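By the numbering used here, the letter at position 38 of the sequence shown is numbered 566, and the numbering carries on one by one without gaps. Just so you know, even glycine gets a beta-carbon here, dropped at the ideal spot from N, CA and C. The structure displayed is predicted, hence computed values, not measured ones. Beneath this line is the structure, given in C-alpha cells, with notes to follow.
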Amino acid sequence: MLHTGLAGKTHGAGCTVMRGISPVIATVIILAVTVAIAVAVIGWITGLWGSLTGGTEQLQIYPDSYINATGNFAIIHVRNTGSADATITKIEIEGIGSFGSGDFDVYTSEATAVTEAIAGTLTADNDVVKAGEEAWIAIVNVNGATAGSSYNVKIYTANGNVFPAIVKAVQR
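Have a look at this one:
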C-alpha cells in the first residue's frame, strides 16, 4: 500500500519519512563548534608561549624619581609589575649620558639608595628588580644636569625591553 508523504512524494508501505535539520541550524552549529575550537587553540598557544618565555617583566617608573643636579646622582623609583625578574643592563639619561652596571645599583630601601648615591660608592652589586618588587635605582656620576630641567630616562633590560620616563632634575 502506498501513501503520500511530505511534498507529495509517494513512499512504500511502512516507510517513515525522515527530515534533516535546516541549513540555518546546521550553520549555527558549525560556527559554534568552530569558535569553541578556536578559543581552545588560542588558550593552548598562549599558555604554551607564556611557559616558553618564562613570563614578562614590566617596570613602572614612579614620578617621585629625580636627578640630583648638585649631588651628581639620580634615584629612579620603580616597581616590577610583571611576572619575571627584570635584569637592568643599561640606563640612558638623554643629554647626560649612558650608564652601565658599574654606575648603578638596585636597592629595596630608598634611604639606602640615597646614602649610597651620596657617598658615590655602590655596594649592592645588584642590577635585578624582582617580579612584584618595589625598588630604588641609584645612579652615580650623573654630571651636567640642570636643576628644574626634565630629562628622558630609558631603562634597558636583558630581555631587550626599554622602559622610558621623564625625570626632573632637582637641587637638594
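Rounded to whole angstroms, what is the Cα-Cα separation between residue i and residue j?
| i | j | result |
| --- | --- | --- |
| asparagine 669 | aspartate 653 | 16 Å |
| isoleucine 570 | valine 656 | 32 Å |
| tyrosine 613 | isoleucine 557 | Going by the sequence as given, residue 613 is aspartate instead of tyrosine. About 45 Å. |
| asparagine 600 | asparagine 671 | 5 Å |
| serine 632 | threonine 615 | Just to set this straight, residue 632 is phenylalanine in the shown sequence, not serine. Straight-line Cα distance between these residues: approximately 12 Å. |
| glycine 648 | serine 611 | 32 Å |
| isoleucine 604 | glutamine 588 | 10 Å |
| serine 678 | glycine 625 | 14 Å |
| leucine 559 | glycine 548 | 18 Å |
What are the partner residues of residue i, as DSSP defines its beta bridges?
| i | result |
| --- | --- |
| valine 698 | Asn596 |
| glutamine 586 | In DSSP, glutamine 586 forms no bridge with anything. |
| isoleucine 667 | Ala602, Phe632 |
| lysine 682 | Glu620, Pro692 |
| glutamate 662 | Arg607 |
To which residues of the same chain is residue i closer than 6 Å at the C-beta, ignoring the five residues directly before and after it?
| i | result |
| --- | --- |
| lysine 469 | As shown, the chain starts at 529 and ends at 700. That puts residue 469 outside it, with no answer to give. |
Can you list, in chain order, the residues of its chain whose CB lies under 7 Å from that of residue i, leaving out five sequence neighbours each side?
| i | result |
| --- | --- |
| asparagine 680 | Glu622, Pro692, Ile694 |
| asparagine 687 | Glu585 |
What whole-angstrom Cβ distance do residue i and residue j have, given they're in contact under 8 Å?
| i | j | result |
| --- | --- | --- |
| alanine 697 | threonine 674 | 6 Å |
| threonine 617 | tyrosine 684 | 5 Å |
| alanine 641 | alanine 666 | 4 Å |
*beta strand (DSSP E) runs contained entirely in the stretch 597–642, provided each spans 3 or more residues*: Here the runs fully enclosed are 601–608, 614–621, 625–627, 632–635.
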